[in-house]
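With the numbering used here applied, the sequence shown closes on residue 244, and no number is skipped along the way.
Heads up: the structure comes next, in structure tokens.
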Amino acid sequence: MAAALPALKFLTVPPAAAHTATVIFVHGLGDTGHGWRPVADMFKVDPALAHVKWVLPHSPERPVRANMGMVMPSWFDIYSFGFDTEEDEQGMRQSANMIHELIRKEISNGIAPERIVLGGFSQGGTMSLLSGLTGEHKLAGLVVLSGWLPLRHKFKELASPHAASSSIFWGTGSADPLVKLEISNASADFLTKELGIPKAKPNEPQGLSYNVYPGMIHGTNPEELNSVKTFIKQVIPSS
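Pasting the structure below:
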């Protein structure tokens, strides 16, 4: 019997009002949940998001081949920053299972799946796609910032029946030197053409809202964060 995976450690940012929804946000390579605490703090002061609890997990540490084998916080090994080589499927699946456990914990605490948003940046955005579109529960929405679609050769067979009806906000920078725009574009095309996720209509969260920010590199900016805030308000409103 395989050994049970350790539970993820995480940072919690409590809601400012009665807790009726949760955002789980997954950090990128070399970061921790603390790196996204300022965003959670900024969002929670908005009265329309006062009901949201934030769960910011910390990844395990592991050697990363693309960074000369240095040990650092990472959801999976990255063999090449070109993302066109073999992928660490085992590491990805293990991390997805640990994120699924965080989702189950929220559900066991009384928060329905349709009141949970899962999101992440870079490697964390990739894990949010894998976890959110292959898990047992259909969530309120997914947020992918500067991420890419993993395991493309088998993602369609891994996808849950609810994947095609998911609500996804995707943001990426046109000048991202790590997750290049062609990789992001190809990932978004896969979601619409292979998984059947429709493109979202303006000002509506259903489907895939794919947004390219001119000149933005591998990071975020106020315009993108404001759009994320709007998306979260739409999919987990206060009432």
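Built from N, CA and C at the ideal position, the CB exists for glycine as well.
| said: Taking the beta carbon of ALA8 as the centre, do at least 16 other beta carbons fall within 10 Å, making it buried, or is it exposed? | reply: In this prediction, ALA8 scores a pLDDT of 49, lower than 50, which makes its location untrustworthy; the coordinate-derived value is nonetheless stated afterwards. Within 10 angstroms of the beta-carbon of ALA8 lie fewer than 16 other beta-carbons, which makes it exposed.
| query | Can you round the beta-carbon distance between SER165 and THR197 to whole angstroms, since I take them to be within the 8 Å contact cut? | reply | Contact doesn't hold; Cβ gap of about 17 Å is too wide.
| query | For PRO43, which of PRO242, THR225 and PHE236 has the nearest alpha-carbon? | reply | Nearest of PRO242, THR225 and PHE236 to PRO43, Cα basis: THR225.
| field | Classification of GLY178 by the beta-carbon crowding that lies within 10 angstroms, buried from 16 upward | value | GLY178 counts as buried, since no fewer than 16 other beta carbons sit within 10 angstroms of its beta carbon.
| said: Let's test the definition: count the other Cβ atoms within 10 Å of the Cβ of VAL76 and tell me whether it reaches 16, buried, or not, exposed. | reply: Looking at its Cβ environment, which holds fewer than 16 other Cβ atoms inside 10 Å, VAL76 is exposed.
| request: To the nearest angstrom, report how far apart GLN239 and GLY152 are at their CA atoms. | output: Cα to Cα, GLN239 sits roughly 22 Å from GLY152.
| Close-in-space but distant-in-sequence residues of the same chain around MET6 (CB under 8 Å, 5 per side omitted) | Here MET6 scores only 37 on pLDDT, less than 50, and its place in the model should not be relied on; the value that follows carries that caveat. Only residues of its own chain outside the window of five on either side were considered, and among them none has a CB closer than 8 Å to the CB of MET6.
| query | Any idea what DSSP makes of VAL31, helix, strand or coil? | reply | When DSSP states are grouped into helix, strand and coil, VAL31 belongs to the strand group.
| field | Entirely enclosed alpha helix (DSSP H) segments - the stretch 150–204, minimum 4 residues | value | As far as the stretch 150–204 is concerned, its whole alpha helix (DSSP H) runs of at least 4 residues are 160–163 and 186–198.
| Reference ASN190; option with closest CA among GLU209, LEU150 and LYS161 | Measuring from the Cα of ASN190, the nearest candidate turns out to be LEU150.
| task | Would you kindly check if the distance between the Cβ of THR25 and the Cβ of ARG120 is under 8 Å? | result | In this structure, THR25 lies closer than 8 Å to ARG120 by Cβ.
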